[in-house]
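Data first, discussion second: the structure below is written as structure tokens.
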Amino acid sequence: MARPNEEVEGLLQEYADLIAITGGDAFKARAYEKAARAIGGHPVDISRLDAEGLREIPHVGRSIADKVVEYLRTGSVSAVEERRSKIPAGVRALTAIPTLGPKKALRLYEDLHISSVDELAAAIEADALHDLKGFGAKTQENILHGITLLRQAGGRIPLHVAMRDAEDIVGELSAVKGCRRCAYAGSLRRMRETIGDIDVLVAAARSGPFMDALAGLPSTAEVIAHGAKKTSVRTAQGIQVDLRVLPPDSWGAGLVYFTGSKAHNIRIRTIAVRQGLKLSEYGLFDAESEESVASRTEEDVYERLGLPWIPPTLREDRGEIEAALGGELPEVVTERDIRGDLHTHTDLTDGLASLETMVQAAAERGYAYFAVTDHAPGLAMQRMTDEKILAQREQVRALDGVHRGMRLLHGTELNIGPKGEVDWPDEFLAGFDLCVASVHSHFDLGRAAMTRRFVRVCENPHIQIIGHPTTRLVGKRPPVDADWDEVFAACARTGTALEVNAQPDRLDLCDEEILRAREYGVKFAVNTDAHCVPHLACLRFGVGTAQRGWLTAKDVVNTWPLSRLRRFLRKGGA
DNA sequence: GCCGTTTTCGGCCCGACTGTTTTCAGTCG
Numbered sequence: 051m052a053r054p055n056e057e058v059e060g061l062l063q064e065y066a067d068l069i070a071i072t073g074g075d076a077f078k079a080r081a082y083e084k085a086a087r088a089i090g091g092h093p094v095d096i097s098r099l100d101a102e103g104l105r106e107i108p109h110v111g112r113s114i115a116d117k118v119v120e121y122l123r124t125g126s127v128s129a130v131e132e133r134r135s136k137i138p139a140g141v142r143a144l145t146a147i148p149t150l151g152p153k154k155a156l157r158l159y160e161d162l163h164i165s166s167v168d169e170l171a172a173a174i175e176a177d178a179l180h181d182l183k184g185f186g187a188k189t190q191e192n193i194l195h196g197i198t199l200l201r202q203a204g205g206r207i208p209l210h211v212a213m214r215d216a217e218d219i220v221g222e223l224s225a226v227k228g229c230r231r232c233a234y235a236g237s238l239r240r241m242r243e244t245i246g247d248i249d250v251l252v253a254a255a256r257s258g259p260f261m262d263a264l265a266g267l268p269s270t271a272e273v274i275a276h277g278a279k280k281t282s283v284r285t286a287q288g289i290q291v292d293l294r295v296l297p298p299d300s301w302g303a304g305l306v307y308f309t310g311s312k313a314h315n316i317r318i319r320t321i322a323v324r325q326g327l328k329l330s331e332y333g334l335f336d337a338e339s340e341e342s343v344a345s346r347t348e349e350d351v352y353e354r355l356g357l358p359w360i361p362p363t364l365r366e367d368r369g370e371i372e373a374a375l376g377g378e379l380p381e382v383v384t385e386r387d388i389r390g391d392l393h394t395h396t397d398l399t400d401g402l403a404s405l406e407t408m409v410q411a412a413a414e415r416g417y418a419y420f421a422v423t424d425h426a427p428g429l430a431m432q433r434m435t436d437e438k439i440l441a442q443r444e445q446v447r448a449l450d451g452v453h454r455g456m457r458l459l460h461g462t463e464l465n466i467g468p469k470g471e472v473d474w475p476d477e478f479l480a481g482f483d484l485c486v487a488s489v490h491s492h493f494d495l496g497r498a499a500m501t502r503r504f505v506r507v508c509e510n511p512h513i514q515i516i517g518h519p520t521t522r523l524v525g526k527r528p529p530v531d532a533d534w535d536e537v538f539a540a541c542a543r544t545g546t547a548l549e550v551n552a553q554p555d556r557l558d559l560c561d562e563e564i565l566r567a568r569e570y571g572v573k574f575a576v577n578t579d580a581h582c583v584p585h586l587a588c589l590r591f592g593v594g595t596a597q598r599g600w601l602t603a604k605d606v607v608n609t610w611p612l613s614r615l616r617r618f619l620r621k622g623g624a
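Under this note's numbering, the first residue of the first sequence is numbered 51, with each subsequent residue one higher.
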């Protein structure tokens, strides 16, 4: 994984924020933001590049290239340190509150010396903002609501952040001598959208070297507990990591024990007890003789309980035990089932990579087909025109089948207006191979209007997929309010697929809504909404979410062969 | 700070929404 790219992306974004907060040149701040995104989305590990190589990345010029080189060489950038010394970190944290930007954050800091979210919440409670300019009753209410949203994430970590750290740690521990098996478990293996802490398991005869290795990792900031069976540390970013080292014979039982949700584990332990057995992280034992009857693999443990192996993403006690007992466990969709991505962007709008680069990267993933769906004119900031999208269509046709025979579909991501209207008239839409339509504005229409809006989209014969349907952002923005049962019914009736957007801050639809929609017979598309090459790999998070929603390949249109997909895209037409 | 079928300066994503400072600043996508 390209860690340095992400580190530098974060650093440059922070610098941009600090410029904005201190009232610096807005265009300069934006220049840093653009460079941050470009580096984060750059497919080559930047630590392998020199200043010249760095400057070939779009939006990276002499000044930023020098700062990146300084960072790679010394681990910090003096210009950033200088700004940091002027603005406490908590002031920047304030801008994470929806509706509170850099200007308001600075005012709060300068006038009231508020430098953390907690201090701000306390100040509002104490009515300390009453004569602060620009902070009327409504603004304070909005800020409090924003703080509530932030806190609902409850200090949990986004899935992809935890995944990256867990894979690094698994990589390090796997290299320790004597390691027989190493894997992450817990909610991360179940692919929950946020993660409380990271659970790592090792199978080895001796535990000491692994405990020491974890405690000694560069990413470890604090050792919370250091024992023979369990070690807990906190990383520099504040993430808790629990390591358990098990005897190799206990590997399967340990994985079962540390992967299942609490509710799932209670259910399978109950099943064990009824059979005169006892289940722990060390194995499945005869309750009387205490003799081990299964423990080496997860399959062994489940089989001895009379169950088939249950995919980790289903282990939530949401009916998977009953389904397993009845032989009706779904064969959930896997990453290998996905034949193509149906929602992606290029640098024609807000993507980072050219059409050619995106197509080539998609072909390297082994896709049979791939859709390019840049933004339509309704999203004014993208400045799309008829001419530009038609010119792109020519380029798409020219590249069709060129890379490993991969077929290309030319599409667009339409903007859904408040009444369900979209950017282009029917005649123009008919020229696309597929249209994704998404809500990007008017989030607070009220349930009835929002429902009508979606139903009208479903009834549009040229729209085959609703993109990120609820528009929620994990821990940041709640889903829009609609009568989803009515929307799901309309999707099923009209043959409109719902997207499972794989961007880790969206994961939209989420698992629970997928479970509901599935009951209506709705079809789904697991798409990355990629804006750069590395985003294509986010597919795994979308597939994990689809699995949590019990979807099989039959439910997911982009697992289908192209001929069948094309029939679906005609939406009941000829 | 970056960029150039505008080529070393002068632009840079544009428009809508919201609350409030009643004429517009701040925020967002």
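Glycine is no exception: its CB is placed at the ideal position from the N, C-alpha and C atoms.
Nearest-angstrom Cα distance between histidine 395 and histidine 518?
As a working mapping, residue 395 is identified with position 345 in the first sequence. As a working mapping, residue 518 is identified with position 468 in the first sequence. Looking at the two C-alpha atoms, the distance is approximately 14 Å.
Considering only their Cβ atoms, is the gap separating isoleucine 513 from leucine 464 smaller than 8 Å?
Taking the first sequence and counting its residues from 1, one reaches residue 464 at position 414. Taking the first sequence and counting its residues from 1, one reaches residue 513 at position 463. Contact flag set, yes.
Going by Cα to Cα distance, which pick from Ala271, Cys485, Tyr570 and Leu296 is closest to glycine 288?
By 1-based counting over the first sequence, the position of residue 288 is 238. The residue with the shortest Cα to Cα distance from glycine 288 is Ala271.
DSSP puts valine 283 in a beta bridge; with which residues?
Here residue 283 refers to the residue found at position 233 of the first sequence. According to DSSP, valine 283 bridges with Val273 and Val291.
Within the continuous alpha helix (DSSP H) that includes alanine 448, where are the two ends?
For the purposes of this step, residue 448 is taken as the residue at position 398 of the first sequence. Run containing alanine 448: 436 to 449, per the alpha helix (DSSP H) assignment.
What do you get for proline 584, buried or exposed, if any count of 16 or more other CB atoms within 10 angstroms of its CB means buried?
In the first sequence, residue 584 corresponds to position 534, counting from 1. Result: buried.
What ranges does the beta strand (DSSP E) occupy inside the segment 505 to 571, keeping only unbroken runs of at least 3 residues that lie completely in it?
Counting only runs of 3 or more, we get 547 to 551.
Going by the beta-carbon positions, is the gap between proline 54 and leucine 104 smaller than 8 Å?
Numbered from its first residue, the first sequence carries residue 54 at position 4. Numbered from its first residue, the first sequence carries residue 104 at position 54. No. Outside cutoff.
Please check the pair arginine 626 and proline 475, which I expect to be a contact at CB under 8 Å, by giving their CB distance rounded to whole angstroms.
This structure does not reach residue 626, given that the chain is present from 51 up to 624, and the question cannot be answered.
Grouping DSSP H, G and I as helix and E and B as strand, with all else coil, what is arginine 389?
Position 339 of the first sequence holds residue 389. Correct three-state label for arginine 389: coil.
If you draw a straight line from the C-alpha of glutamate 331 to the C-alpha of valine 550, how long is it?
Mapped onto the first sequence, residue 331 falls at position 281. Mapped onto the first sequence, residue 550 falls at position 500. If you take the alpha carbons of glutamate 331 and valine 550, they lie about 34 Å apart.
In this structure, how does DSSP classify glycine 73 when only helix, strand and coil are distinguished?
Working through the first sequence from its first residue, we reach residue 73 at position 23. In this structure, glycine 73 counts as coil in the three-state DSSP scheme.
Can you look up threonine 462 in the DSSP assignment and give me helix, strand or coil?
Here residue 462 is taken as the residue at index 412 of the first sequence, counted from 1. The answer is strand: DSSP assigns threonine 462 an E or B state.
Between lysine 279 and serine 257, how many whole angstroms is the CB-CB distance? I'm expecting something under 8 Å.
Here residue 279 refers to the residue found at position 229 of the first sequence. Here residue 257 refers to the residue found at position 207 of the first sequence. Right, their Cβ atoms sit about 7 Å apart.
Which value, in whole angstroms, describes the spacing of the CA atoms of arginine 317 and threonine 244?
Here residue 317 refers to the residue found at position 267 when the first sequence is read from its first residue. Here residue 244 refers to the residue found at position 194 when the first sequence is read from its first residue. Cα to Cα, the separation comes out at about 23 Å.
Report the rounded CA-to-CA distance for glutamate 562 versus phenylalanine 493, giving the unit in angstroms.
Translated into the one-based positions of the first sequence, residue 562 becomes position 512. Translated into the one-based positions of the first sequence, residue 493 becomes position 443. Using only the alpha carbons, I get a separation of about 21 Å.
Where do the N-terminal and C-terminal ends of the beta strand (DSSP E) with isoleucine 248 fall, by residue?
Residue mapping note: residue 248 aligns to position 198 of the first sequence, counting from 1. Run containing isoleucine 248: 248 to 253, per the beta strand (DSSP E) assignment.
Ordered along the chain, which non-local residues of its own chain (more than five positions away) have a Cβ less than 8 Å from that of threonine 602?
By one-based count along the first sequence, residue 602 stands at place 552. If we look at threonine 602 and ignore the five residues flanking it on each side, its Cβ neighbours are Pro380, Glu381, Val382 and Val383.
I'd like the span of the beta strand (DSSP E) that includes arginine 231, first residue to last.
By one-based count along the first sequence, residue 231 stands at place 181. That run of the beta strand (DSSP E) goes 231 to 234.
Using the Cα positions of lysine 573 and valine 422, report the straight-line distance between them to the nearest angstrom.
Here residue 573 corresponds to residue number 523 of the first sequence, with the count starting at 1. Here residue 422 corresponds to residue number 372 of the first sequence, with the count starting at 1. Each residue's Cα considered, the two are about 20 Å apart.
Quick check on the burial criterion: 16 or more other C-beta atoms within 10 angstroms. Buried or exposed for aspartate 100?
By one-based count along the first sequence, residue 100 stands at place 50. When all chains shown are included, aspartate 100 counts as exposed.
Run through DSSP, which three-state label would arginine 457 get?
For this step, residue 457 is matched to residue 407 along the first sequence. The answer is strand: DSSP assigns arginine 457 an E or B state.
Among Gln290, Met456 and Tyr65, which has the Cα closest to the Cα of valine 409?
Translated into positions along the first sequence, residue 409 becomes position 359. Among Gln290, Met456 and Tyr65, the Cα nearest to that of valine 409 is on Met456.
Whose C-alpha, out of Gly266, Ala344 and Leu293, is nearest the C-alpha of serine 300?
Here residue 300 is taken as the residue at index 250 of the first sequence, counted from 1. Checking every option, the nearest Cα to that of serine 300 belongs to Ala344.
What is the DSSP secondary structure of cysteine 582, reduced to helix, strand or coil?
Position 532 of the first sequence, counting from 1, holds the residue named residue 582. The answer is coil: DSSP assigns cysteine 582 none of H, G, I, E or B.
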